[in-house]
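Colleague:
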Amino acid sequence: MSALEELVQALGVVEQHLADAGAHLGTGRTALGEAEKAMIKLDPEHPETVVPPSLHRADDQIERAQGAIEQLTNTLRDFATQL
């Protein structure tokens, strides 16, 4: 196997790890949404008293991480194509 083939194979492994991370982030984001819905049911009249503000920040951070993974994946694919 040539060095170029090894590099392309390694890039494929990295891409798979990024896809796995993206899937885990999606699962986490879904769980956060479900947790928020459950908290709101505790006090539907005043959800701001039971839903911590950090929950929304966590969702924003997950969304940013998903965007970063998408950008990295596109960059890897472009690089591999140029090889």
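Position one of the sequence shown corresponds to residue 103 (my numbering), numbered consecutively onward. Just so it is clear, CB atoms sit at the ideal spot from N, CA and C, and this is done for glycine as well.
For Q184, which option in A105, V110, M103 and S104 has the closest C-alpha, if you only look at C-alpha atoms?
Modeller: The sequence position of residue 184 within the sequence shown is 82, counting from 1. For Q184, the nearest C-alpha among the options comes from V110.
Colleague: To the nearest angstrom, report how far apart H158 and I142 are at their CA atoms.
Modeller: Within the sequence shown, residue 158 is the residue found at index 56, counting from 1. Within the sequence shown, residue 142 is the residue found at index 40, counting from 1. Straight-line Cα distance between these residues: approximately 13 Å.
Colleague: Let's see if you can read the secondary structure: which residues bound the alpha helix (DSSP H) around M141?
Modeller: For this step, residue 141 is matched to residue 39 along the sequence shown. Element bounds for M141: A105 to L144.
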